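Asker: In the order they appear, the protein sequences are chains A and B. Using the working numbering, you'd call the opening residue of the first sequence number 2 and step up by one each time. Using the working numbering, you'd call the opening residue of the second sequence number 730 and step up by one each time. Don't be surprised by glycine CBs; every beta carbon is placed ideally from N, CA and C. Everything numeric in this text was worked out from a predicted model, so none of it was measured.
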Amino acid sequence: MTIPPLSSEARPGLAPGVRLAFDKARDQWVVLAPERVLVPDETALEILQRCNGTRQLDDIINELASAYSADRSEIEHDVRDLLASLIEKRIVIA
Amino acid sequence: MSAVRTLSPPLAALLELTHRCPLQCPYCSNPLELERAKGELSTAEWMRVLDEASELGILQVHFSGGEPAVRRDLPDLVAHARKAGLYSNLITSGVTLDQPRLTKLAEAGLDHVQLSMQDVDHQTAAYIANYPGVQGKKLAFARAVREVGLPLTINAVINRHNITRVERMIDLAVSLGAGRVEVAHAQYYGWAIRNRAALMPTLAQVQEATGRVEAARERLRGQIVIDYVLPDYYARQPKACMGGWGRQFLNITPSGEVLPCHAAQTIPGLTFESVRHRPLADIWARSEAFETFRGTDWMPEPCRGCDQREVDWGGCRCQALAITGNAAATDPACALSSAHDALRALADTASSEPPPDFVYRRMSPQDSKAALATTTG
Chain A
2 MTIPPLSSEA
12 RPGLAPGVRL
22 AFDKARDQWV
32 VLAPERVLVP
42 DETALEILQR
52 CNGTRQLDDI
62 INELASAYSA
72 DRSEIEHDVR
82 DLLASLIEKR
92 IVIA
Chain B
730 MSAVRTLSPP
740 LAALLELTHR
750 CPLQCPYCSN
760 PLELERAKGE
770 LSTAEWMRVL
780 DEASELGILQ
790 VHFSGGEPAV
800 RRDLPDLVAH
810 ARKAGLYSNL
820 ITSGVTLDQP
830 RLTKLAEAGL
840 DHVQLSMQDV
850 DHQTAAYIAN
860 YPGVQGKKLA
870 FARAVREVGL
880 PLTINAVINR
890 HNITRVERMI
900 DLAVSLGAGR
910 VEVAHAQYYG
920 WAIRNRAALM
930 PTLAQVQEAT
940 GRVEAARERL
950 RGQIVIDYVL
960 PDYYARQPKA
970 CMGGWGRQFL
980 NITPSGEVLP
990 CHAAQTIPGL
1000 TFESVRHRPL
1010 ADIWARSEAF
1020 ETFRGTDWMP
1030 EPCRGCDQRE
1040 VDWGGCRCQA
1050 LAITGNAAAT
1060 DPACALSSAH
1070 DALRALADTA
1080 SSEPPPDFVY
1090 RRMSPQDSKA
1100 ALATTTG
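(1) Cutting at 6 Å between CB atoms, please list the residues of its own chain near residue 1069 (chain B), excluding the five before and the five after it.
(2) Starting from the Cα of residue 1059 (chain B), find the closest Cα among B:804, B:870, B:1078 and B:1044 and give me that residue.
(3) Comparing alpha-carbon positions, which option in A:19, A:10 and A:12 lies nearest residue 90 (chain A)?
(4) Three or more C-beta pairs under 8 Å: does that hold for the segment 934-945 of chain B against the segment 63-72 of chain A?
(5) If you follow the beta strand (DSSP E) that residue 30 (chain A) is part of, which residue opens it and which one closes it?
(6) Please confirm whether residue 828 (chain B) has its beta-carbon closer than 8 Å to some beta-carbon of chain A.
(7) Might you give, ordered along the chain, the residues of its own chain that have their beta carbon closer than 6 Å to the beta carbon of residue 915 (chain B), omitting 5 neighbours on each side?
(8) Does residue 801 (chain B) pass the burial test, meaning 16 or more other C-beta atoms within 10 Å, or should it be called exposed?
(9) Measure the C-alpha to C-alpha separation of residue 874 (chain B) and residue 797 (chain B) and round it to an integer number of angstroms.
(10) Less than 6 Å between C-beta atoms, sequence neighbours within five positions excluded: which residues of the same chain meet that for residue 779 (chain B)?
(11) Can you name, in chain order, every residue of its own chain whose Cβ lies under 7 Å from the Cβ of residue 736 (chain B), other than the five neighbours on each side?
(12) Excluding sequence positions up to five away, which residues of its chain have a Cβ less than 6 Å from the Cβ of residue 985 (chain B)?
(13) Using a Cβ-Cβ cut-off of 8 Å (strictly less than) and excluding sequence neighbours within five positions of residue 963 (chain B), which residues of its own chain qualify?
(14) Can at least three beta-carbon pairs, one atom from the segment 746-766 of chain B and one from the segment 968-987 of chain B, be found at a separation below 8 Å?
(15) Tell me whether the beta-carbon of residue 760 (chain B) lies closer than 8 Å to the beta-carbon of residue 994 (chain B).
(16) So, residue 1023 (chain B) versus residue 972 (chain B), is the Cβ gap smaller than 8 Å?
(17) In its own chain, which residues sit with a C-beta less than 6 Å from the C-beta of residue 954 (chain B), not counting the 5 before and 5 after it?
(18) For residue 785 (chain B), I'd like the list of residues in its chain whose CB is within less than 8 Å of its CB, leaving aside the five on either flank, ordered along the chain.
(19) Identify every residue that forms a DSSP beta bridge with residue 846 (chain B).
(20) Buried or exposed: where does residue 40 (chain A) fall if 16 or more other Cβ atoms within 10 Å of its Cβ makes it buried?
(21) Compare the C-alpha of residue 65 (chain A) against each of A:54, A:45 and A:55 and name the closest.
(22) Around the Cβ of residue 78 (chain A), are there at least 16 other Cβ atoms within 10 angstroms (buried) or fewer (exposed)?
(23) Consult DSSP for residue 860 (chain B) and reduce its assignment to one of helix, strand or coil.
(24) Could you tell me if residue 938 (chain B) is buried or exposed, where buried requires 16 or more neighbouring beta carbons within 10 angstroms of its beta carbon?
(25) Give a yes or no on whether the C-beta atoms belonging to residue 1057 (chain B) and residue 1029 (chain B) are separated by under 8 Å.
(26) Please work out which residues of its chain come closer than 6 Å, Cβ to Cβ, to residue 804 (chain B), disregarding the five sequence neighbours upstream and downstream, and give them in chain order.
(27) Would you say residue 76 (chain A) faces chain B, with C-beta separation under 8 Å as the test?
(28) The segment 837-850 of chain B: which residues have C-beta closer than 8 Å to a C-beta of chain A, in chain order?
(29) Give the DSSP-derived three-state secondary structure of residue 1003 (chain B) in the structure shown.
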């Protein structure tokens, strides 16, 4: 089964049982999920911190594009790529 | 060896709150010598352990057993874990928890529930757990978990009695609303090694099951995460047991002994220390049991010179002991081990004969009587 691409109105959020937390012992952000601990890189962290289940994908992309004064289509590509892989792993739902 | 070595803190701890359990699964991961209720850590002691765990850098705790829900203080321990910033997972048989108690656990901040499943077939499930009606109770529990809004993983232990229904177990997990299913071949230590002939599937069965799991993964992509644990006896490469001895994980027994893995007590000559007598951080960093097989210095050839030594960390010490009699030997699951063919022969022989009866997991008769005396007396 292939997963259809997200609509720009989708509101991605962390899946139930998944938490973003700051790990003081290792001085880094971590994604805590069932039997898994993931360490997001800087870009992934910026994206995940905006995935709260209420914000729309379009707004998340716009925000990041302006925060980094980056090309919107490039940001969109990065965000969609990351979310697609995290949805498959059930870290994110939309 | 360098004088200064940096040791990372563990990521996760398995907390065996009790060895008491209503089920008697013949592949139970608990030791053959089960600990009794009267030796269990108190609520206050477990709370201190949770604080020490968080302080040490542990991120996730798994409340396990036995059946952890037989402890009346489970909601208090879950709440304490949450307060300490820990991610908490409940590993349960699901037969003792009703919806009000589940709701209490959810309110206490439980993050996730992992439910063991013996089979989809009710009769075989009851046979494996030695508990009539077990499957009906588990199905009701799984539904209650979802109603309360907790995320669910189904944990199916695969053996010769249920292996032909592996696909149906995955589909059942989907229909129950689980986000994840762990399809794990029985691991042959402790009770399972005693029941090896009664549990071991044939190579052909394993290959068939593996194909079905892979197909299900493709079919269910995005719907459910399927973790598949291959059987060591038919493997060619060892697993990085526990992510490497003393590298990511620790296990605490009901009475507070801290182990590098749940089967470590089978290794003769290792001494284990208790959270009752020494801080958890000290035990992790300096106790003999953790130091003995940590890193790569202890390794014999062919591990020592192998380019996989920091990938599989030499595999499993308990399996090396069980098969070769030497805990420091290369894991026989590795094709480079001199005991590899013998391991495979054990599996072939065991699986080619009709399965003997199970030796069910239970306390010895004297122990059961003593336990009964404690609860009623």
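Answerer: The short version:
(1) 1061
(2) B:1044
(3) A:19
(4) no
(5) 29-34
(6) no
(7) 756, 886, 888, 921 and 928
(8) exposed
(9) 16 Å
(10) 809, 810 and 813
(11) 1014
(12) 770, 1003, 1004 and 1005
(13) 932, 935, 1073 and 1076
(14) yes
(15) yes
(16) no
(17) 909
(18) 738, 739, 1009, 1010 and 1013
(19) B:885
(20) exposed
(21) A:45
(22) exposed
(23) coil
(24) buried
(25) yes
(26) 833, 834 and 837
(27) no
(28) 840, 841 and 843
(29) strand
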